[in-house]
Amino acid sequence: MSESQELKKQNEQASTGEKKKAKIDVTKLVSIIPPASELRRKEERVKEKRIRVRWDESLPQGIARISKELASMLGIKDGDTIEIVVAGRHKFLFKATIVEEGSINEVYCNPEELREKGVADKSIATVRKKAG
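Using this note's numbering, the first residue of the sequence shown is number 718, and each one after it goes up by one.
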C-alpha cells in the first residue's frame with residue numbers, strides 16, 4: 718500500500734502543478750544592503766579647528782606649516798590658502814605647507830609676521846580653509 722500512496726501523492730502534485738522548490742536564503746543578500754538612513758547620509762567634513770599658533774624662525778613670511786593629519790581633516794592641500802582667526806576678530810591669510818610630522822593641534826608661522834600682527838607664541842586660534 719505504501720507504493721499506491723506514493724503514486725497518489727505524485728498524481729496529486731502533478732495535477733495541481735506543485736513542485737517542491739528549495740527556499741532561497743535572502744539573509745545574505747539583505748546583509749549587504751545598507752539601511753535607508755545610511756543611503757542619504759553624507760560624510761560631513763570638519764570645516765574649522767581650534768589650534769595653537771606657534772612661531773617657527775625657519776618659515777618665510779606668508780607661509781603656514783600644518784600637519785598632514787590636520788590638513789586632511791580640513792580638506793587642505795599643499796599650496797591652498799588658509800585663514801587663521803585669533804580672538805574672533807583678527808583674520809590672517811597664509812599659504813599652507815603640509816608636513817608629515819607635527820601636532821594636529823598646532824600651526825607654525827613666521828614669528829616676525831605674527832609679532833607685527835600682535836599675535837603671541839602659543840596663541841589659541843581657529844584655522845580653516847579659505848572659502849573661494
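Idealized CB from N, CA, C, for every residue including glycine.
In the same chain as V803, and ignoring 5 residues on each side of it, the C-beta atoms closer than 6 Å to its own belong to V836, S840 and A842, in chain order. Residue pairing by DSSP places I799 opposite F811 and K846 in a beta bridge.
The beta carbon of D797 lies closer than 8 Å to those of K812, A813, K846 and K847 in the same chain, with the five residues before and after it left out. Leaving aside the five residues that flank R771 on each side, the residues in its chain whose CB is nearer than 8 Å to its CB run, in chain order, E823, V824, Y825, C826, D838 and K839. Within its own chain, the residues whose Cβ lies closer than 7 Å to the Cβ of E817, once the five positions on either side in sequence are excluded, are K785, listed in chain order. Counting only the Cα atoms, E774 lies some 18 Å from I801. Within its own chain, the residues whose Cβ lies closer than 7 Å to the Cβ of L776, once the five positions on either side in sequence are excluded, are R782, Y825, C826 and N827, listed in chain order. Residue pairing from DSSP places S784 in a beta bridge opposite V816. Residue range E765 to W772 is occupied by the beta strand (DSSP E) that includes I768. Beyond the five residues adjoining it in sequence on each side, L787 comes within less than 6 Å, by CB distance, of I821 in the same chain, given in chain order.
Following the DSSP letters along the chain, one finds V824 inside the beta strand (DSSP E) bounded by residues E823 to C826. Around the Cβ of I750, a 10 Å sphere holds fewer than 16 other Cβ atoms; the residue is exposed. In the DSSP assignment, I841 is bridged to R769.
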